[in-house]
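Notes follow once the structure below has been shown.
Residue numbers (the numbering used here): 626 to 1073.
Structure (structure tokens):
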């Protein structure tokens, strides 16, 4: 029978049952500040590994960056320090899978076979058995990526070159994500820890390769990774940082946490170019229905999951608008299908005819993940809403509707905006907003 590593710290570092864990993850991601829609995702993340009550919010800032990675990333190479069992080198398990309350994560045996011949790689199930630094990352990855295989390394005594050599051999392409697990300083008074951690954050951002274990408990895997990242001319971005005194602990002795995202050189995509491509896809999809086959652009970034709305106008008036609120399919497919729906399936309008097509203009909106809004009452909700910036989803009594941020141009008053949105959902315009659920999102839009 296949050997499975059981979850060692479920029920301690994070909830031990699937439903509660999923709810906590939703809350952690919901607390991440709204950002603009993303095209692409990081090659690597640096994340903390304390209990979720302490560092889960910081970790969520990192894993939020993987919204577009689902279905593309199939392998996660993860390195973290050993806390309980000393090891010489980088320890891999013999297990076939790691378990969490959310299910099994298969071990990528093919990946581990690629590095097994290196003298610094050793097999040690004991090193992994009770180790939390890797385990606490898995539920985040399960939520964001869905299916993936894991290449886990519990890192003990190793030098920079030994760690870098292992990561280099498993670097791969967009199907491979690198995750480095480390906390920052431990058990200093709050003010002192902030000074120490601030200096460490600067050093990590400068690709230092001599971070001490007093500065970061995962210094060994961190230094090796940063050496390789610097040689590859990667970019690095600090996403979040705090310490346990900011979250759930006292300020007498604190532990520091941080989250970074790293991108490969040349991986950035021009938003202007992306917009032109999405507009071509939308127009081509409609023309293929009107006139027969039309050429469709293709690129790797179009295969990432994405949520779009396609808006058609004729002589400045709305002619159709259909879209997706969640990124559930490839971005290129989503834009094409929504364009066809906007042109031919919007129940408010007759299907677009070939004769009118030359006078129709296309607009593509790319949506960020919707974030739940937490509010005490209607006045609090109105105060939180950002006019001209927020797209709003309103749900009540089983009915749901959304307005894109573009609607603020015609309904600039917040109360009227929500009243019209309620009517769109089939609710009374004066519905009591305190009993409604509300989400908001941002869009990046491109017009012909």
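Where is the CB? At the ideal position from N, CA and C, for every residue including glycine.
- Residue 633 is positioned such that its CB atom lies no closer than 8 Å to that of residue 727.
- Taking C-beta atoms under 8 Å as the contact rule, residue 1017 and residue 1027 qualify, at a distance of about 7 Å.
- Less than 8 Å divides the Cβ of residue 845 from the Cβ of residue 780.
- For the set 876, 838 and 831, the Cα lying nearest the Cα of residue 860 is the one of 831.
- Between residue 723 and residue 795, the CB-CB gap reaches or exceeds 8 Å.
- Following the DSSP letters along the chain, one finds residue 906 inside the alpha helix (DSSP H) bounded by residues 896–916.
- Contact between residue 903 and residue 989 holds: CB atoms are separated by about 4 Å, below the 8 Å threshold.
- Distances from the CA of residue 839 to each of 811, 663 and 917 were compared; the closest alpha carbon is that of 811.
- The stretch 670–725 contains, as complete beta strand (DSSP E) runs of 3+ residues, the segments 700–706, 715–717 and 722–725 (chain order).
- Beyond the five residues adjoining it in sequence on each side, residue 716 comes within less than 6 Å, by CB distance, of 747, 749, 752 and 779 in the same chain, given in chain order.
- Per DSSP, reduced to three states, the secondary structure at residue 794 is helical.
- Going by DSSP, residue 945 is part of the beta strand (DSSP E) stretching over 942–948.
- By the criterion of at least three beta-carbon pairs nearer than 8 Å, the stretch 980–1000 is in contact with the stretch 1060–1068.
- If only complete runs of 3 or more residues are kept, the stretch 755–812 shows the beta strand (DSSP E) at 774–780 and 801–806, in order along the chain.
- Inclusion of residue 690 and residue 886 in the CB contact set at 8 Å is warranted, their separation being smaller than that value.
- With 16 or more other Cβ atoms from the protein chains shown falling within 10 Å of its own Cβ, residue 703 counts as buried.
- Around the beta-carbon of residue 742, fewer than 16 other beta-carbon atoms lie within 10 Å, marking it exposed.
- Rounded to the nearest whole angstrom, the C-alpha separation of residue 1071 and residue 756 is 47 Å.
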